[in-house]
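Trainee: Residue numbers for the sequence shown follow my numbering, beginning at 3 and rising by one. Glycine included, each C-beta is placed from N, C-alpha and C at the ideal position.
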Amino acid sequence: MVGGGAPVVVQSMTNTDTADIDATVAQVAALHRAGSEIVRVTVDRDESAAAVPRVRDRLLRLGLDVPLVGDFHYIGHKLLADHPACAEALAKYRINPGNVGFGKKKDTQFAQLIEFAIRYGKPVRIGAN
Numbered sequence: 003m004v005g006g007g008a009p010v011v012v013q014s015m016t017n018t019d020t021a022d023i024d025a026t027v028a029q030v031a032a033l034h035r036a037g038s039e040i041v042r043v044t045v046d047r048d049e050s051a052a053a054v055p056r057v058r059d060r061l062l063r064l065g066l067d068v069p070l071v072g073d074f075h076y077i078g079h080k081l082l083a084d085h086p087a088c089a090e091a092l093a094k095y096r097i098n099p100g101n102v103g104f105g106k107k108k109d110t111q112f113a114q115l116i117e118f119a120i121r122y123g124k125p126v127r128i129g130a131n
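1) Start and end of the alpha helix (DSSP H) containing V10?
2) Look at the alpha carbon of Q29 and the alpha carbon of L81, and state the distance between them as a whole number of angstroms.
3) Helix, strand or coil for I116 per DSSP?
4) Name the residue from H79, P99, V102 and D73 whose alpha carbon lies nearest to the alpha carbon of L92.
5) What is the DSSP secondary structure of D24, counted as helix, strand or coil?
6) May I ask you to list the residues that DSSP assigns as paired with T44?
7) Considering only residues of the same chain and omitting the five flanking positions on each side of I23, which have a CB-CB separation below 6 Å?
8) Y95 and V126 - do their beta-carbons sit closer together than 9 Å?
9) Report the CB separation of H75 from D46 in whole angstroms; it is logged as a contact under 8 Å.
10) Taking 9 Å as the threshold (C-beta atoms), are N98 and I128 in contact?
11) Kindly indicate which three-state DSSP category V68 falls into: helix, strand or coil?
12) Could you give the distance in angstroms between the alpha-carbon of A89 and the alpha-carbon of D59?
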């Protein structure tokens, strides 16, 4: 819940290539130390999707239980299907409706993203730039 008596939660986003695990872990850790309670990472290709569980594991080994939000671009439905460990490691999925697909394909791909969220029990943020 946002507003009312709900606490304010700070969310940031990395600007690293998520596939660069060292850089992404370092930046998530720095953002967390600066007060970010949730960190969004780009998941835009196979390499970044494959890196997400490793980023999450490294953060946990550092004692940082920072929720990671996957920011998907165009092929999120495919990446979640091909990388179930990524689907599980993320705390939340962020979907930009403008980056899902076009025409009928857009509806199908959006539905697939929602199906993964339901399967893995993940909340979804719909966000537009």
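Mentor: If we stick to the structure as given:
1) Run containing V10: none; DSSP gives neither H nor E here.
2) Approximately 23 Å between the Cα atoms of the pair.
3) Of the three classes helix, strand and coil, the one that applies to I116 here is helix, per DSSP.
4) Residue D73 is the option with its Cα nearest to L92.
5) In this structure, DSSP gives D24 a helical state, which the three-state scheme calls helix.
6) Beta-bridge annotation (DSSP): T44 is paired with D73.
7) Once the five neighbours on either side are set aside, the close Cβ partners of I23 are A53, R56 and V57.
8) Contact: yes.
9) The Cβ separation is near 4 Å, so the contact holds.
10) Contact check for I128 against N98 passes: the beta carbons are separated by less than 9 Å.
11) In this structure, V68 counts as coil in the three-state DSSP scheme.
12) Computed Cα separation, rounded: 14 Å.
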